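>
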Amino acid sequence: MQHTQAADNSVTQNDSINQNDNTPRITQAMILAAGKGTRLRPLTLTTPKPLVAVGGQPLIVWHIKALKAAGITDITINSSWLSDKLIAAIGDGSDYGVNIYWSVEDEPLETAGGIAQALATEKLKQAPFILINGDVWSDIDLATLTQHQLQPDQQAHLLLIDNPAHNPEGDFGLDRGYATFEPKASEALEQTQSTQLTKFTFAGISVIAPSLVAEVAQGEVAALAPLLKQAMSNRKVTADVLQAQWVDVGTVERLEQVNTSIEQQGAAETHPGRP
Numbered sequence: 581m582q583h584t585q586a587a588d589n590s591v592t593q594n595d596s597i598n599q600n601d602n603t604p605r606i607t608q609a610m611i612l613a614a615g616k617g618t619r620l621r622p623l624t625l626t627t628p629k630p631l632v633a634v635g636g637q638p639l640i641v642w643h644i645k646a647l648k649a650a651g652i653t654d655i656t657i658n659s660s661w662l663s664d665k666l667i668a669a670i671g672d673g674s675d676y677g678v679n680i681y682w683s684v685e686d687e688p689l690e691t692a693g694g695i696a697q698a699l700a701t702e703k704l705k706q707a708p709f710i711l712i713n714g715d716v717w718s719d720i721d722l723a724t725l726t727q728h729q730l731q732p733d734q735q736a737h738l739l740l741i742d743n744p745a746h747n748p749e750g751d752f753g754l755d756r757g758y759a760t761f762e763p764k765a766s767e768a769l770e771q772t773q774s775t776q777l778t779k780f781t782f783a784g785i786s787v788i789a790p791s792l793v794a795e796v797a798q799g800e801v802a803a804l805a806p807l808l809k810q811a812m813s814n815r816k817v818t819a820d821v822l823q824a825q826w827v828d829v830g831t832v833e834r835l836e837q838v839n840t841s842i843e844q845q846g847a848a849e850t851h852p853g854r855p
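Counted the way this note's numbering counts, the sequence shown spans residues 581 to 855.
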């Protein structure tokens with residue numbers, strides 16, 4: 581289980597969140613759930629990855645409950661692999677007190693492609709939304725994120741974590757509240773100590789403006805990372821370092837890790853989505 585602490589050069593979530601009661605709240609979210617879960621095989625040969633059990637309930641249910649606890653009741657979920665099973669298990673959201681809008685992809689469109697498809701088919705409104713990677717588990721209180729306001733020229737706000745063992749070089753840097761991208765040390769031809777920034781791992785939780793995927797056509801297969809990096813180069817992506825429990829439930833080993841933490845160490849006691 582990854583326990584994260586804010587680095588000295590980071591900003592906290594409250595630093596970038598306007599606490600004014602009149603601040604427009606983010607009212608919608610999207611959960612990315614279309615992947616095949618190949619790293620979780622054989623579990624995912626017959627079970628959609630979002631339905632894999634974590635701490636006594638499907639992983640995706642943790643996200644749905646956490647969003648509901650944060651006041652978000654309009655949730656879009658994209659699906660592809662074993663889509664019928666996933667939709668049959670979760671339904672329209674009424675069991676959880678939310679409205680679920682399904683965006684079904686014949687073949688997985690990847691992250692940006694999935695978002696663009698949901699927007700084009702009006703499963704997702706043309707307004708900022710919380711985006712959650714369906715294969716992460718974290719006890720972050722999403723209520724604070726619903727108050728985050730993207731400025732007119734901003735396209736995303738990311739939550740980052742200290743680098744876990746499986747991603748030691750990190751993904752993005754943080755410079756005065758802005759997310760930055762540089763080649764990883766193993767890829768860079770030259771990189772002096774004076775130009776290096778501390779890097780963090782993207783937690784798979786963010787606020788996204790629809791404009792980030794405006795150039796992605798409906799039905800196009802497109803990843804989100806290149807679009808984020810382009811936006812970062814134009815200082816259009818802000819970020820905070822997440823102070824919470826976090827794990828990428830992307831492999832059988834890490835699935836066992838999070839289940840052990842929940843069942844034996846009470847890791848889910850503060851999770852808003854706990855059973």
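Glycine included, each C-beta is placed from N, C-alpha and C at the ideal position.
Owing to the predicted nature of the structure, the values given are computational and were not obtained by experimental measurement.
Throw me the rounded Cβ distance for the A789 and Q734 pair, which I believe falls under 8 Å.
7 Å
> Under a Cβ-count criterion, where at least 16 other Cβ atoms within 10 Å of its own Cβ denotes burial, should V821 be classed as buried or exposed?
buried
> In whole angstroms, what is the alpha-carbon distance linking K764 and G750?
Here K764 scores only 48 on pLDDT, less than 50, and its place in the model should not be relied on; the value that follows carries that caveat. Near 8 Å, if we compare the C-alpha coordinates of G750 and K764.
> At 4 residues or longer, and completely inside the segment 640–712: list those alpha helix (DSSP H) runs for me, N to C.
663–670 and 690–700
> Bridge partners for V787 per DSSP, in chain order?
I710 and H737
> In this structure, how does DSSP classify K779 when only helix, strand and coil are distinguished?
strand
> Assuming the contact rule is C-beta atoms closer than 8 Å, A736 and V787 should be a hit. Round their C-beta distance to whole Å, please.
Going by Cβ atoms, the distance from A736 to V787 rounds to 7 Å, so yes, they are a contact pair.
> Who pairs with M610 in a beta bridge, going by DSSP?
T656 and L711
> Would you report the Cα separation of L625 and Q731, rounded to the nearest angstrom?
43 Å
> Sort S659, F780 and I657 by Cα distance to P744 and report the nearest one.
F780
> Name the one or two DSSP bridge partners that V793 has.
Bridge partners of V793: none, in fact.
> Report the three-state DSSP secondary structure of E843 (helix, strand or coil).
helix
> Could you check whether I657 and A692 sit closer than 8 Å to each other, using their CB atoms as the reference points?
no
> Below 8 Å, can you find three or more Cβ-Cβ pairs linking the segment 834–844 to the segment 755–762?
No, the segment 834–844 does not touch the segment 755–762.
> If you compare alpha carbons, which of A811, P748 and F752 is closest to A794?
A811
> Is T618 helix, strand or coil by DSSP?
helix
> Specify the secondary structure class of A759 as computed by DSSP and reduced to three states.
strand
> Can you tell me where the alpha helix (DSSP H) holding Q810 begins and where it ends?
Counting along the chain, the alpha helix (DSSP H) containing Q810 begins and ends at A805 to S813.
> Inspect the beta-carbon positions of I652 and I611 and report whether they are closer than 8 Å.
no
> Quick check: the Cα distance between L739 and D719, rounded to an integer number of angstroms?
13 Å
> Please work out which residues of its chain come closer than 7 Å, Cβ to Cβ, to R834, disregarding the five sequence neighbours upstream and downstream, and give them in chain order.
Taken in chain order, the residues that qualify are V827 and D828.
> Measure the CB-CB distance between V832 and W717 and report whether it falls below 8 Å.
no
> According to DSSP, L754 sits in a beta bridge with which residue or residues?
A759
> Closer than 6 Å by C-beta to N747: which residues in its own chain qualify, once you throw out the five before and the five after it? Chain order, please.
T781
> Could you please give the first and the last residue of the uninterrupted beta strand (DSSP E) stretch that includes A819?
V817 to V821
> Please report how far the alpha carbon of L725 lies from the alpha carbon of L699, in whole angstroms.
21 Å
> For K632, does the three-state DSSP call read helix, strand or coil?
What sits at residue 632 in the sequence shown is Val, not Lys. Three-state DSSP puts V632 in coil, outside helix and strand.
> Where DSSP assigns a beta bridge to D828, which residues make up the other side?
V716.
> Pick helix, strand or coil for Q837, following the three-state DSSP scheme.
helix
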